[in-house]
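S.K.: Starting off with a structure, shown below.
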Amino acid sequence: MRCYFHLVNGSDVVPDDMGVEVASLEMAQSLAYRAIQEIRAEADLVDEEWRGWRLNVVCSQGSVLASICLSATLQ
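Dropping the structure here:
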């Protein structure tokens with residue numbers, strides 16, 4: 001299945017236009033956590049600036065399969 005990883009914060013959306021083929025939802029979630037680590041390393045933002053942001057795992061039909069709060073991954 002093809003999944004997309006959209007960064008969202010209220011009405012702000014940073015869409016993933018490419019997506020990635022995965023064998024399972026578990027694989028998609030694992031990739032999402034890895035993407036969050038990479039985003040945080042590259043963005044160099046303080047922890048408070050991540051509050052309210054989520055990484056949504058979305059299928060090709062547009063349904064949200066998982067939603068991970070970026071500030072929750074700071075622990």
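Be aware that the sequence shown starts at 1, since it is given in full-length UniProt numbering, and climbs by one per residue. Glycine included, C-beta positions come from ideal geometry on N, C-alpha and C.
#1: What would DSSP say about L55, mapped onto helix, strand or coil?
#2: Specify the secondary structure class of P15 as computed by DSSP and reduced to three states.
#3: D43 to I36, Cα distance in whole Å?
#4: Thinking L25 and A66 are a contact (beta carbons under 8 Å), I'd like their distance in whole angstroms, please.
#5: What span of residues does the alpha helix (DSSP H) with residue 90 cover, start to end?
M.R.: Considering the structure as presented:
#1: As a position in the sequence shown, residue 55 is number 55, starting the count at 1. Looking at L55 - three-state DSSP - the assignment turns out to be strand.
#2: Here residue 15 corresponds to residue number 15 of the sequence shown, with the count starting at 1. Looking at P15 - three-state DSSP - the assignment turns out to be coil, as it is neither helix nor strand.
#3: In the sequence shown, counting from the first residue as 1, residue 43 sits at position 43. In the sequence shown, counting from the first residue as 1, residue 36 sits at position 36. The question names Asp, but residue 43 is Ala in the sequence shown. For A43 and I36, the distance between alpha carbons rounds to 10 Å.
#4: As a first step, residue 25 is located in the sequence shown; it is residue number 25 there, counting from the start. As a first step, residue 66 is located in the sequence shown; it is residue number 66 there, counting from the start. With 8 Å as the limit, L25 and A66 qualify as a contact, their Cβ atoms being about 7 Å apart.
#5: The requested residue 90 is not part of the displayed model; the chain covers only 1 to 75.
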